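Chains as they are written, first to last, in our numbering: chain A, 1 to 305; chain B, 306 to 610.
In this text, a Cβ means the ideal position worked out from N, Cα and C, and glycines have one as well.
Fair warning: this is a prediction, and the values are worked out from it, not measured in the lab.
Below you'll find the structure, written out as structure tokens, and then a few comments.
Number of protein chains: 2
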Amino acid sequence: MHLPKHVTLKEVGPRDGLQNEKVHMATADKVQLVDLLSQTGLNYIEVTSFVHPKWIPQLADAVEVLQAIKREKDITYAALIPNLRGLERALQANIDEASVFMSASESHNQNNINKTVTETFPVLEEVVLGAKAAGKRVRGYISTVIGCPYEGYIQPEQVLRVADKLLEMDVAEISLGDTIGVGVPTQVERLLEELLKRYPAEKFAMHFHDTRGTALTNIVKSLEMGITKFDSALGGLGGCPYAKGASGNVATEDLLYLFDEMGIHTGIEMNAVLEAATFVEKKLGKPVASKQMAIVRNERSGQAL
Amino acid sequence: MHLPKHVTLKEVGPRDGLQNEKVHMATADKVQLVDLLSQTGLNYIEVTSFVHPKWIPQLADAVEVLQAIKREKDITYAALIPNLRGLERALQANIDEASVFMSASESHNQNNINKTVTETFPVLEEVVLGAKAAGKRVRGYISTVIGCPYEGYIQPEQVLRVADKLLEMDVAEISLGDTIGVGVPTQVERLLEELLKRYPAEKFAMHFHDTRGTALTNIVKSLEMGITKFDSALGGLGGCPYAKGASGNVATEDLLYLFDEMGIHTGIEMNAVLEAATFVEKKLGKPVASKQMAIVRNERSGQAL
Numbered sequence: 001m002h003l004p005k006h007v008t009l010k011e012v013g014p015r016d017g018l019q020n021e022k023v024h025m026a027t028a029d030k031v032q033l034v035d036l037l038s039q040t041g042l043n044y045i046e047v048t049s050f051v052h053p054k055w056i057p058q059l060a061d062a063v064e065v066l067q068a069i070k071r072e073k074d075i076t077y078a079a080l081i082p083n084l085r086g087l088e089r090a091l092q093a094n095i096d097e098a099s100v101f102m103s104a105s106e107s108h109n110q111n112n113i114n115k116t117v118t119e120t121f122p123v124l125e126e127v128v129l130g131a132k133a134a135g136k137r138v139r140g141y142i143s144t145v146i147g148c149p150y151e152g153y154i155q156p157e158q159v160l161r162v163a164d165k166l167l168e169m170d171v172a173e174i175s176l177g178d179t180i181g182v183g184v185p186t187q188v189e190r191l192l193e194e195l196l197k198r199y200p201a202e203k204f205a206m207h208f209h210d211t212r213g214t215a216l217t218n219i220v221k222s223l224e225m226g227i228t229k230f231d232s233a234l235g236g237l238g239g240c241p242y243a244k245g246a247s248g249n250v251a252t253e254d255l256l257y258l259f260d261e262m263g264i265h266t267g268i269e270m271n272a273v274l275e276a277a278t279f280v281e282k283k284l285g286k287p288v289a290s291k292q293m294a295i296v297r298n299e300r301s302g303q304a305l
Numbered sequence: 306m307h308l309p310k311h312v313t314l315k316e317v318g319p320r321d322g323l324q325n326e327k328v329h330m331a332t333a334d335k336v337q338l339v340d341l342l343s344q345t346g347l348n349y350i351e352v353t354s355f356v357h358p359k360w361i362p363q364l365a366d367a368v369e370v371l372q373a374i375k376r377e378k379d380i381t382y383a384a385l386i387p388n389l390r391g392l393e394r395a396l397q398a399n400i401d402e403a404s405v406f407m408s409a410s411e412s413h414n415q416n417n418i419n420k421t422v423t424e425t426f427p428v429l430e431e432v433v434l435g436a437k438a439a440g441k442r443v444r445g446y447i448s449t450v451i452g453c454p455y456e457g458y459i460q461p462e463q464v465l466r467v468a469d470k471l472l473e474m475d476v477a478e479i480s481l482g483d484t485i486g487v488g489v490p491t492q493v494e495r496l497l498e499e500l501l502k503r504y505p506a507e508k509f510a511m512h513f514h515d516t517r518g519t520a521l522t523n524i525v526k527s528l529e530m531g532i533t534k535f536d537s538a539l540g541g542l543g544g545c546p547y548a549k550g551a552s553g554n555v556a557t558e559d560l561l562y563l564f565d566e567m568g569i570h571t572g573i574e575m576n577a578v579l580e581a582a583t584f585v586e587k588k589l590g591k592p593v594a595s596k597q598m599a600i601v602r603n604e605r606s607g608q609a610l
């Protein structure tokens, strides 16, 4: 296999994970979670979201969390930003990076953002320009890049259309999201073949949910195609409120197991990640979905016998 | 991706799954389970095991189950056979195929079979000769082909040594088992590269457990290397009694989702498999581990709201 030697994991658990959990984590616990994540070797943490609390009440404490976390140098602390009002608050809370977002699928975009794809571009552009004027790096998320809960399979051309626009706005990178977790490696290959005809692999990160169990297969295919940045969430947190049955992001610790065993360097310590995942289990009051944590629980219960 | 157009799933749930479940399924329920599986489009079902009930009490009713199931033509009904005494009983119960088994790892073989690898060969050869004399096809399992709970990583040479012997005995195919579910695609590639230097891909089936979440990644790599036969267990049943934390076989329905979406033909109906998995959940009194069944449960609970 032709594989990269180093990859970067971008931790989205505190944002993409917690925003979809029914239990609302206390602000102090979120702060402690981010601080634990800062000790794992991760160099990117998406801490929270500035989407209006009416839509995401779980993350209404975005400012408080960003102000209370202990920041480590060499770690980028990012937040999701829907519009200029959100950007303003995020800049006051001193984010390192702004993430803008929209969908490749017209109907998912409409349901999620209440605008057509075309109407969304200028809103994102305002945020991109504003963030860059403030000296911040900008990341663009494209959701539903393979499947949409309303439209089914999404053609690579639909993704290209949005990627072109975001890269015209000069975002630093695009995270391609299989938001409802339906993709398989043949589809990932087809999508990336189209995108990589036009842009270098460094422009993209892959963001997989594990609804159907295929996330790691898609990550291996992406790796083989030269992608070196992957979003994941501690404990496989999250889901998608608009897609029934959707489970969470691919779990950071499951991705880490795969990379460690394949000899691909991440700079992340498994034990530190498992410690943070154990903290999340305690605070959410339920077992998380990852395979590595299932083993941890099993070993602990064995010791208790 | 260069992929085969057709693959065969070999259902091992009634044997490799149920032998490791704490809840002992009633004989009539096992019969009903096999009968449900016979309606899915599967053409291979490993029904039970003739290992002594002292070791596997869950499958003490091997003869009764084999005698009560409704056999469909075009389906091979197989059983695991440890020795000549087991073969004798299995032939009386009219099995279609005999599976013999041993480990690539010396210490796992010792723990599982209470013999060295070298001592095991003549025991297997007796069974192979006896089964073939009775006109039965024989399958050979090699366990711990990537990792061993006692020895760690297993070199391909250790697997080759056992494969050479089994193929000298003229078994029809060998199922290569990542018994404790620790493997990753680079290791699968390394193993298969060695084996396929010497033997055609048709001689091998892959048997993955999903302990670490890597089973489907290993299956995609195997597919890319020309393997077209895969063992799986309905609902991801099973585990390994000698490997703490080990979860079950890769789930038939998760494998089927992957193949269906990749456009690889299996001849198996997803809905029929989900029906059989629902039956298993009811009889074991717990949710099974597959991603597809998690979605089914989620959708049902949504409907009930």
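Residue of the options minimising C-alpha distance to residue i
{"i": "residue 522(B)", "options": "226(A), 257(A), 231(A)", "result": "257(A)"}
{"i": "residue 476(B)", "options": "316(B), 440(B), 579(B), 524(B)", "result": "440(B)"}
{"i": "residue 281(A)", "options": "129(A), 49(A), 130(A), 23(A)", "result": "23(A)"}
{"i": "residue 156(A)", "options": "138(A), 177(A), 254(A), 57(A)", "result": "177(A)"}
{"i": "residue 536(B)", "options": "526(B), 528(B), 554(B), 527(B)", "result": "554(B)"}
{"i": "residue 361(B)", "options": "325(B), 334(B), 383(B), 599(B)", "result": "325(B)"}
{"i": "residue 18(A)", "options": "65(A), 6(A), 1(A), 2(A)", "result": "65(A)"}
{"i": "residue 451(B)", "options": "486(B), 593(B), 556(B)", "result": "486(B)"}
{"i": "residue 604(B)", "options": "247(A), 302(A), 289(A)", "result": "247(A)"}
{"i": "residue 96(A)", "options": "198(A), 204(A), 78(A), 35(A)", "result": "78(A)"}
{"i": "residue 508(B)", "options": "473(B), 491(B), 365(B)", "result": "473(B)"}
{"i": "residue 133(A)", "options": "84(A), 114(A), 164(A), 54(A)", "result": "84(A)"}
Minimum Cβ-Cβ distance from residue i to chain D less than 8 Å
{"i": "residue 423(B)", "result": "Here chain D cannot be found, since the structure's protein chains are A and B."}
Cutoff 7 Å; reference residue i; Cβ partners in own chain excluding five residues on either side
{"i": "residue 573(B)", "result": "314, 345, 346, 347, 561"}
{"i": "residue 565(B)", "result": "575"}
Cβ of residue i within 8 Å of any chain A Cβ
{"i": "residue 400(B)", "result": "no"}
{"i": "residue 566(B)", "result": "yes"}
{"i": "residue 327(B)", "result": "no"}
{"i": "residue 518(B)", "result": "yes"}
{"i": "residue 610(B)", "result": "Per-residue confidence for residue 610(B) stands at a pLDDT of 35, beneath the threshold of 50, marking its modelled position as unreliable; no derived number is given."}
{"i": "residue 542(B)", "result": "no"}
{"i": "residue 494(B)", "result": "yes"}
Short CB-CB distance (under 8 Å) between residue i and chain B
{"i": "residue 199(A)", "result": "no"}
{"i": "residue 294(A)", "result": "yes"}
{"i": "residue 291(A)", "result": "yes"}
{"i": "residue 269(A)", "result": "no"}
{"i": "residue 287(A)", "result": "no"}
{"i": "residue 216(A)", "result": "yes"}
{"i": "residue 14(A)", "result": "no"}
{"i": "residue 2(A)", "result": "no"}
Helix, strand or coil at residue i [DSSP, three-state]
{"i": "residue 202(A)", "result": "helix"}
{"i": "residue 49(A)", "result": "strand"}
{"i": "residue 483(B)", "result": "strand"}
{"i": "residue 401(B)", "result": "coil"}
{"i": "residue 138(A)", "result": "strand"}
{"i": "residue 391(B)", "result": "helix"}
{"i": "residue 301(A)", "result": "helix"}
{"i": "residue 243(A)", "result": "Any reading at residue 243(A) is ruled out, since the residue's pLDDT is 48, under 50, leaving its predicted position unreliable."}
{"i": "residue 316(B)", "result": "strand"}
{"i": "residue 173(A)", "result": "strand"}
{"i": "residue 108(A)", "result": "helix"}
{"i": "residue 469(B)", "result": "helix"}
{"i": "residue 218(A)", "result": "helix"}
{"i": "residue 20(A)", "result": "helix"}
{"i": "residue 381(B)", "result": "strand"}
{"i": "residue 576(B)", "result": "helix"}
Contacts around residue i, its chain only, beta-carbon distance under 6 Å, and the 5 residues preceding and following it disregarded
{"i": "residue 410(B)", "result": "449, 453, 456, 459"}
{"i": "residue 13(A)", "result": "233, 234, 237"}
{"i": "residue 184(A)", "result": "214"}
{"i": "residue 530(B)", "result": "497"}
{"i": "residue 357(B)", "result": "none"}
{"i": "residue 403(B)", "result": "386, 436, 441, 443"}
Beta-carbon separation (whole angstroms), residue i vs residue j, contact threshold 8 Å
{"i": "residue 207(A)", "j": "residue 175(A)", "result": "5 Å"}
{"i": "residue 436(B)", "j": "residue 443(B)", "result": "5 Å"}
{"i": "residue 516(B)", "j": "residue 219(A)", "result": "That belief does not hold up - the Cβ atoms of residue 516(B) and residue 219(A) are roughly 18 Å apart, past 8 Å."}
{"i": "residue 312(B)", "j": "residue 534(B)", "result": "7 Å"}
{"i": "residue 91(A)", "j": "residue 264(A)", "result": "No, residue 91(A) and residue 264(A) are not in contact; Cβ-Cβ is about 35 Å, not under 8 Å."}
8 Å Cβ shell around residue i - same chain, five flanking residues per side excluded
{"i": "residue 38(A)", "result": "45, 69, 70, 71, 72, 75"}
{"i": "residue 242(A)", "result": "Any reading at residue 242(A) needs caution, since the residue's pLDDT is 49, under 50, leaving its predicted position unreliable; the model's value is listed next. Once the five neighbours on either side are set aside, the close Cβ partners of residue 242(A) are 108, 111, 112, 149."}
{"i": "residue 89(A)", "result": "50, 62, 63"}
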